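Under the numbering used here, the first residue of the sequence shown carries the number 20, and numbering increases by one thereafter.
Every residue, glycine too, gets a C-beta built ideally from N, C-alpha and C.
If you're wondering where the values come from, they're calculated on a predicted model, not measured in any experiment.
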Amino acid sequence: MQYAAVNGLRTEPAKGLKGVCPGCGKDVIAKCGNVKVHHWAHVNIKDCDSWHEPETEWHREWKNKFPIEFREKPFVDTVSGEIHRADIYTSKGVTIEFQNSPISLQELRSRNGFYKSLIWVVNAQKFKGQFKF
């Protein structure tokens, strides 16, 4: 996660900070090492969003192209109780998901069904040579 609530304010991770997940309200801690992108991690659970994947620099760079208030919008399914964080949710009600790693067809369908209006941005760098135009 790029943002957590710290003293009620939406905050990016910084070494030593503790916060609260905006989706589930559980405790998170800032992870600010030298290998992975700085992020927030849940303290006592893996992650409240079952679609969570480790975020790459490519992913973060795309999210950072949008206003802060559009990034990481949590949604809760009122029937199942599932929590999912949209990478981007615009003021026009459009969700944008950035996908850097493979996902199953089942997962793709699940995400397409969860979000009402969804646009995918896929990092095709790894397979760009497989297409002929």
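Open item on the list: Report the CB separation of Ile138 from Ile115 in whole angstroms; it is logged as a contact under 8 angstroms.
Closed with: Sequence index remark: in the sequence shown, residue 138 carries index 119 (1-based). Sequence index remark: in the sequence shown, residue 115 carries index 96 (1-based). So it is a contact: roughly 5 angstroms between Cβ atoms.
- [ ] Just confirm the distance between the C-beta atoms of Met20 and Cys40, as a whole number of angstroms; I'd bet it's less than 8 angstroms.
- [x] Numbered from 1 along the sequence shown, position 1 holds the residue referred to as residue 20. Numbered from 1 along the sequence shown, position 21 holds the residue referred to as residue 40. Their Cβ separation, rounded to whole angstroms, is 7 angstroms, which keeps Met20 and Cys40 in contact under 8 angstroms.
- [ ] Consult DSSP for Ile122 and reduce its assignment to one of helix, strand or coil.
- [x] Taking the first residue of the sequence shown as 1, we reach residue 122 at position 103. Coil.
Task: Rounded straight-line distance, which links the Cα of Ser120 to that of Asn142 - done: Translated into the one-based positions of the sequence shown, residue 142 becomes position 123. Translated into the one-based positions of the sequence shown, residue 120 becomes position 101. Each residue's Cα considered, the two are about 8 angstroms apart.
Task: CB contact flag (Val56, Arg90, <8 angstroms) - done: Position 37 of the sequence shown holds residue 56. Position 71 of the sequence shown holds residue 90. The Cβ atoms of Val56 and Arg90 do not sit closer than 8 angstroms to each other.
TODO: Quick one: residues in its chain with C-beta nearer than 8 angstroms to the C-beta of Val140, no 5 flanking neighbours on either side, listed in chain order?
DONE: What you label residue 140 is simply residue 121 of the sequence shown in a count that begins at 1. Contacts found: Trp81, Ile115, Glu116, Phe117 and Gln118.
Task: Segment limits, alpha helix (DSSP H) that includes Lys82 - done: Position 63 of the sequence shown holds residue 82. From DSSP, the alpha helix (DSSP H) with Lys82 extends over Glu76 to Lys82.
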